[in-house]
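See structure below.
There are 2 protein chains.
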Amino acid sequence: MAVTDEAIEKIKGMIVSGALRPGDRLPKESELAADLGLSRNSLREAVRALSLIRILDVRQGDGTYVTSLDPQLLLEAMSFVVDFHRDDTVLEFLAVRRILEPAATAMAALRISEQQLDALTAQLDKLGDAPSVEDLVACDLEFHRGIVHSSGNSVLCSLLDGLSGPTTRARIWRGLTQEDAVGRTLREHRAILAALRDRDAEAARSWATVHIASVEQWLRSTL
Amino acid sequence: MAVTDEAIEKIKGMIVSGALRPGDRLPKESELAADLGLSRNSLREAVRALSLIRILDVRQGDGTYVTSLDPQLLLEAMSFVVDFHRDDTVLEFLAVRRILEPAATAMAALRISEQQLDALTAQLDKLGDAPSVEDLVACDLEFHRGIVHSSGNSVLCSLLDGLSGPTTRARIWRGLTQEDAVGRTLREHRAILAALRDRDAEAARSWATVHIASVEQWLRSTL
DNA sequence: GTCGCTTAAGACCTCCGACGTATCACGTCA
DNA sequence: TGACGTGATACGTCGGAGGTCTTAAGCGAC
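Chains as they are written, first to last, in this note's numbering: chain Z, 1 to 223; chain S, 1001 to 1223.
Shown next as structure tokens:
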């Protein structure tokens, strides 16, 4: 195994074992390199790799720190990976989202605060009846993000955030080509919000399923 | 932005845009460094980072290649990230798995082959009535992996693979401390398999839910 | 003609030393 | 007391020198 890979494993080990805790500062490059028995250049490769996936936070002139290791932060790195997926796997991503999002919406129905409900309502009101496709899709992302956040599960929240990325382009495309896709989306958002207000988890779940399934169905018929 | 980060973005761009396709070989380090306008050392940091998340495959003595970019391969990198999560988030991971796994099992009920069913049966038979906890957990992972694979969704499959890792330790712990956890797991596996044989998606979903919920419940009461 | 070994070229691996740049802390001065 | 300047510190970047591994061409024996 290459010395750099060893260094990655050792640093990972230090964090997993608790020797390095979130927020801790690592020894400076030259010292850590000496400790781990490799050159500063090779160590930097290891640190850079761990930095890309948000394990380490490198600040020039200051030092290198362990990040908070929050699920939200770590899974955020997933969206970087997701960007590489080819268009032909969008349907598989959407299928997973179709499983997770209704469940998350149902969970949110039981936990969401009145304040959050009002915020979502205001958001939909602000958008108006005939928004641009770009505005709608941006609002769509924000709407679902807000709901999923209220599910209370940060892993679920981050996961859905990552999965939603690849379908964004598809949704824009749909908005531009399918008749009444905008109006339909707006109506479905209102329905989901109403179900949340009623604390009706099953209705919320069903509307979320319908909402995603309509995109899925359209995409399947188009590809 | 640092030159290394620029290089990461540029290489990513080349892949996403299609200039570099899966399996393609990159120019050699010295050439690519010159093309991108940075030193070979800094370029290596970029390549190493992309290599860690399985975007690039570096082979000493040969060259650097773009991986297949299969969802399975890319999400495999997620398990590396998941390893960093602290024990207090295991419940959140388990909650997500509780959503995905029943759905995957239900999907599998409609698609799984007779051959695969026989393989799963043979696997359970081979384990016997009183396996060691380690064998049981390993078999447990393999059993679920086989079922999820039959769901036909590789993104779902890889995702569950990544999520199952963190709970492995918990399951071993449970097997060692909870009375009849082994017998219960074996019975539930048989029940899931029977539902799959009957092509009964709803029964399969329910048994999978019960199976995971029992772990979740035990874990919640223990923490 | 085929198989197996030797050899050389190509590409990545590791290291070293030097210099550039950003940040923070301390001391100075108004 | 507060703002500013300065130095120490740590990361950022670079060029070059060997080292190691893979591959394939070259060559001889069967």
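Glycine included, every Cβ here is placed at the ideal spot set by N, Cα and C.
What you are looking at is a predicted structure, and each value in this text was computed from that prediction instead of being measured.
CB-CB under 8 Å to Glu1188 (chain S), same chain, minus the five flanking residues each way: which ones, in chain order?
Answer for Glu1188 (chain S): Trp1207, Val1210, His1211 and Ser1214, listed in chain order.
By the criterion of Cβ-Cβ separation under 8 Å, what are the contact partners of Glu226 (chain Z) in chain S?
No statement about residue 226 (chain Z) is possible, as the shown extent of chain Z runs from 1 to 223 and does not include it.
Assuming Thr67 (chain Z) and Leu56 (chain Z) form a contact by the criterion Cβ under 8 Å, report the distance between their Cβ atoms to the nearest whole angstrom.
Confirmed, Cβ separation roughly 7 Å.
Do you know how far the Cα of Val1137 (chain S) is from the Cα of Arg1171 (chain S)?
So the alpha carbons of these two residues sit roughly 7 Å apart.
Starting from Asp83 (chain Z), trace the beta strand (DSSP E) both ways and give me its first and last residue.
According to the DSSP assignment, Asp83 (chain Z) belongs to no beta strand (DSSP E), since it is labelled neither H nor E.
Terminal residues of the continuous beta strand (DSSP E) containing Leu1056 (chain S)?
Element bounds for Leu1056 (chain S): Leu1056 to Arg1059.
Along the alpha helix (DSSP H) that carries Thr1121 (chain S), what are the first and last residues, could you check?
Residues Glu1114 to Leu1127.
Evaluate contact between the segment 123-140 of chain Z and the segment 1193-1206 of chain S, counting only Cβ atoms and requiring at least three cross-stretch pairs below 8 Å.
Flag = no, the segment 123-140 of chain Z and the segment 1193-1206 of chain S do not touch.
Among S:Ile1147, S:Leu1160, S:His1085 and S:Ala1049, the one whose alpha carbon lies nearest that of Gln1123 (chain S)
For Gln1123 (chain S), the nearest C-alpha among the options comes from S:Ile1147.
Taking the alpha-carbon positions, what's the Gly1165 (chain S) to Val1082 (chain S) distance?
Whole-angstrom Cα-Cα distance: 8 Å.
According to DSSP, is Arg1025 (chain S) part of a helix, a strand, or is it coil?
Arg1025 (chain S) carries a strand assignment under DSSP once its states are collapsed to helix, strand and coil.
Distance, Ala95 (chain Z) Cα to Ala104 (chain Z) Cα:
If I take the Cα positions, the gap works out to 15 Å.
Identified DSSP bridge partners for Gly1063 (chain S)
Note: Gly1063 (chain S) sits in a beta bridge opposite S:Arg1059.
Against Ile1015 (chain S), what residues of chain Z qualify as contacts under a CB-to-CB distance less than 8 Å, listed in chain order?
Under the 8 Å cutoff, chain Z gives Phe84.
Nearest to Asp1118 (chain S) (by Cα), restricted to the options S:Ser1030, S:Arg1197, S:Ser1158 and S:Pro1071
Nearest of S:Ser1030, S:Arg1197, S:Ser1158 and S:Pro1071 to Asp1118 (chain S), Cα basis: S:Arg1197.
In chain Z, what lies closer than 8 Å to Ile1011 (chain S) by C-beta?
Going along chain Z, no residue has its Cβ under 8 Å from Ile1011 (chain S), so there is no contact; the nearest lies around 11 Å.
Apart from the five residues on each side of it in sequence, which residues of its chain come closer than 8 Å, Cβ to Cβ, to Ile112 (chain Z)?
Contacts found: Ile147, Ser150 and Leu196.
Does the beta-carbon of Glu142 (chain Z) have 16 or more other beta-carbons within 10 angstroms, so that it is buried, or is it exposed?
Counting Cβ neighbours within 10 Å, Glu142 (chain Z) comes out exposed, since fewer than 16 surround it.
When the Cα atoms are used, what is the spatial distance from Glu6 (chain Z) to Gly1183 (chain S)?
Going from the Cα of Glu6 (chain Z) to the Cα of Gly1183 (chain S) covers about 40 Å.
Alpha carbon to alpha carbon, what distance is there between Thr1168 (chain S) and Asp1087 (chain S)?
In this structure, the CA atom of Asp1087 (chain S) is about 12 Å from the CA atom of Thr1168 (chain S).
Would you report the Cα separation of Asp1070 (chain S) and Glu1076 (chain S), rounded to the nearest angstrom?
Here the C-alpha atom of Asp1070 (chain S) lies approximately 10 Å from the C-alpha atom of Glu1076 (chain S).
Give a yes or no on whether the minimum CB-CB distance between Leu100 (chain Z) and chain S is below 8 Å.
Yes, contact with chain S.
Quick one: does Ala1119 (chain S) have its CB under 8 Å from some CB of chain Z?
No, its Cβ sits nowhere closer than 8 Å to a Cβ of chain Z.
Within-8 Å CB hit, Ile1212 (chain S) to chain Z:
Output row for Ile1212 (chain S): interface = no.
Can you name, in chain order, every residue of its own chain whose Cβ lies under 7 Å from the Cβ of Ser30 (chain Z), other than the five neighbours on each side?
Here the set comprises Arg40.
Under 8 Å between C-beta atoms of Glu1101 (chain S) and Asn153 (chain Z)
With respect to Asn153 (chain Z), Glu1101 (chain S) sits apart: the two C-beta atoms are not nearer than 8 Å.
DSSP on Glu179 (chain Z), reduced to helix/strand/coil?
Three-state result, Glu179 (chain Z): coil.
Relative to the C-alpha of Val58 (chain Z), which residue among S:Ser1079, S:Leu1073, S:Met1001 and S:Lys1028 is closest?
Taking each of S:Ser1079, S:Leu1073, S:Met1001 and S:Lys1028 in turn and checking the Cα distance to Val58 (chain Z), the smallest one comes out for S:Met1001.
Distance, Arg1048 (chain S) Cα to Ala1033 (chain S) Cα:
Using only the alpha carbons, I get a separation of about 14 Å.
Pull up the CB-CB distance for Ser158 (chain Z) and Gln72 (chain Z), whole angstroms please, since I reckon it's below 8 Å.
Between Gln72 (chain Z) and Ser158 (chain Z) the Cβ distance is about 5 Å, and since that is below 8 Å, they are a contact.
Judging by CA-CA distance, which residue of Z:Arg98, Z:Leu156 and Z:Ala201 is the nearest neighbour of Met78 (chain Z)?
For Met78 (chain Z), the nearest C-alpha among the options comes from Z:Leu156.
Could you check whether the Cβ of Ile1008 (chain S) sits closer than 8 Å to any Cβ belonging to chain Z?
Taking Cβ atoms only, chain Z reaches closer than 8 Å to Ile1008 (chain S), which makes this a yes.
Write down the C-beta distance between Arg1054 (chain S) and Leu1074 (chain S) rounded to the nearest angstrom, noting that I regard them as a contact closer than 8 Å.
About 6 Å separates the two Cβ atoms, so the contact holds.
With H, G and I counted as helix, E and B as strand and the rest as coil, what does DSSP make of Ser132 (chain Z)?
For Ser132 (chain Z), the three-state secondary structure derived from DSSP is coil.
Would you list, in chain order, the members of the segment 1151-1168 of chain S that have their beta-carbon closer than 8 Å to a beta-carbon of chain Z?
Result list: Asn1153, Ser1154, Val1155, Leu1156 and Leu1159.
Can you grab the Cα-Cα spacing for the pair Ile1232 (chain S) / Phe84 (chain Z), in whole Å?
Nothing can be reported for residue 1232 (chain S), as the shown portion of chain S is limited to 1001 through 1223.
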